[in-house]
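Residue numbers (this note's numbering), protein chains in the order written: chain A, 58 to 171; chain B, 12 to 302. One structure is given below, encoded as structure tokens.
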């Protein structure tokens, strides 16, 4: 692929991090490092996630009741805090997914007409 | 007290949480880089670089989980403490005590204080200023004025408070009155000592500062005495805590027959305090809810 055609790696859109974290946690509970790795793998290293900003986001989501955290041992037997999606988080994921689809559809429509 | 300890422990745990998770993340990222062939030191350095500014993320995280100063205030029972009868006398005593502790000439300040409250004799000041002991300040007139204020305050307690309300409220009013007088005496001595100890470029400036302080001191003591009495009258005579949930009552156009009043209730159910521009009265809980 030539340099001009290669897509630029970009930062996450504002608010998209919460949606992505909710989506990652939907399948199974995970700790902060695991979430960042899975996000990176799922986006094929395209998304430039600021790993440090993940924790403020996780705490915000816990404060809103979308995720619940509990301390347990990680795969290398270290003490880690695992985050699990709550029922309210599942509702929020559905709501944000619909909003995102609608938003991208509208933007796509405008771009096609333009 | 347990609420205070519980609040502090919760707040401390919140602060520890980010550090624990951050350390785990850093170590996991470094281990991943080590597996790619980095040396341990380079891996840790690269992981730190990838994670970014710890301080900035820590600040955001602590704000999100209430681990910052605002979160601490939210956890501690500060509103309950603000209504407590222990707050005014303890604040006055702590303020005066700190002023004495951090005063370099505290021994002379204590002697001046004794003389001011008529408990001891002040060392005599010499006619030649260098022979006058360091830290000695004039206290006779202000001491006399404060003693007069103390007697007036005690007379007011005896006439207005003691026959009508509980003994507990009279004791509280007396304690706070003594606290205000003591704090005023310490304030006078500390400021004058600082004023004399400083070398002034011009005597006129020192004089102006002294006059300004005398006026400011007089105004502050007057305001403190007014606040003392308002505080005493506002407190519940049974538990001495400040009431809350103020509710305006009355008719705005009928200020003489039915003046506007603010009703506040004691949170421990001891009664109702009604305040208007002209009067304050306490209605006990037994009259409000007769059995």
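Yeah, the Cβ is synthetic: ideal placement off N, Cα and C, and Gly gets one too. All figures in this text were calculated on a predicted structure; none of them were measured in a lab.
For residue 284(B), the beta-bridge partners assigned by DSSP are 275(B) and 293(B). In this structure residue 163(B) is exposed. Its beta-carbon is surrounded by fewer than 16 other beta-carbon atoms within 10 angstroms.
In this structure, residue 44(B) and residue 62(B) do not form a Cβ contact; the two beta carbons are roughly 12 Å apart against a cut-off of 8 Å. Every unbroken stretch of the alpha helix (DSSP H) spanning 4 or more residues and falling wholly within the segment 203 to 273 of chain B is given here in chain order: 214 to 245. Close to residue 137(A), with beta-carbon spacing below 7 Å, are these residues of chain B in chain order: 35. Taking a beta-carbon distance threshold of 8 Å, residue 57(B) does not count as an interface residue toward chain A. Here the alpha carbon of residue 132(A) sits roughly 55 Å from the alpha carbon of residue 106(B).
For residue 142(A), the enclosing beta strand (DSSP E) starts and ends at 136 to 142.
Contacts with chain A at 8 Å (Cβ-Cβ) include residue 61(B). When Cβ-Cβ separations below 8 Å define contact, residue 32(B) makes contact with chain A. Contact check for residue 82(A) and residue 141(A): beta-carbon distance about 7 Å, within the 8 Å limit, so the pair qualifies. Between residue 15(B) and the set 287(B), 177(B), 85(B) and 216(B), the nearest pair of CA atoms involves 85(B). Between residue 113(A) and chain B, the shortest Cβ-Cβ separation is below 8 Å. Boundaries of the alpha helix (DSSP H) around residue 81(A): 73 to 84. Residue 110(A) reaches chain B at 68, counting residues in chain order whose Cβ is nearer than 7 Å. With respect to the 8 Å criterion, residue 116(A) and residue 89(A) are not classified as neighbours on the basis of their beta carbons. When 7 Å is used as the limit between beta carbons, residue 116(A) is near these residues of chain B: 72, 75 and 76, in chain order. Going by DSSP, residue 127(A) is part of no alpha helix (DSSP H) but of the beta strand (DSSP E) stretching over 124 to 130. Each residue's CA atom was taken as its position, placing residue 144(A) and residue 165(A) some 32 Å apart. Straight-line measurement puts the Cα of residue 33(B) at about 17 Å from the Cα of residue 95(A). Assigned with DSSP and collapsed to three states, residue 147(B) falls in coil, not helix or strand. Residue 106(B): member of the alpha helix (DSSP H) spanning 98 to 112, first to last residue. With three or more CB-CB distances shorter than 8 Å, the segment 245 to 252 of chain B counts as touching the segment 283 to 291 of chain B. The contact set of residue 29(B) on chain A, defined by CB atoms closer than 7 Å, consists of 112 in chain order. DSSP lists 139(A) as the bridge partner or partners of residue 88(A).
Looking at the backbone, the Cα of residue 118(A) and that of residue 71(B) are separated by about 13 Å. Within its own chain, no residue has a Cβ closer than 6 Å to the Cβ of residue 30(B) once the five positions on either side in sequence are excluded.
Classified as exposed, residue 298(B) has fewer than 16 neighbouring CB atoms from the shown chains inside 10 Å of its CB. Note that the C-beta distance between residue 254(B) and residue 261(B) is not below 8 Å. By the criterion of a C-beta distance shorter than 7 Å, residue 104(B) is surrounded in its chain by 190, once the five residues flanking it on both sides are discounted. Look at residue 77(B) here: in three-state DSSP terms it is coil, with no helix or strand label. Residue environment: residue 150(B) is assigned as buried (16 or more neighbouring CB atoms within 10 Å of its CB, all protein chains considered). Residue-level contact by beta carbon fails for residue 54(B) and chain A, as no gap is shorter than 8 Å.
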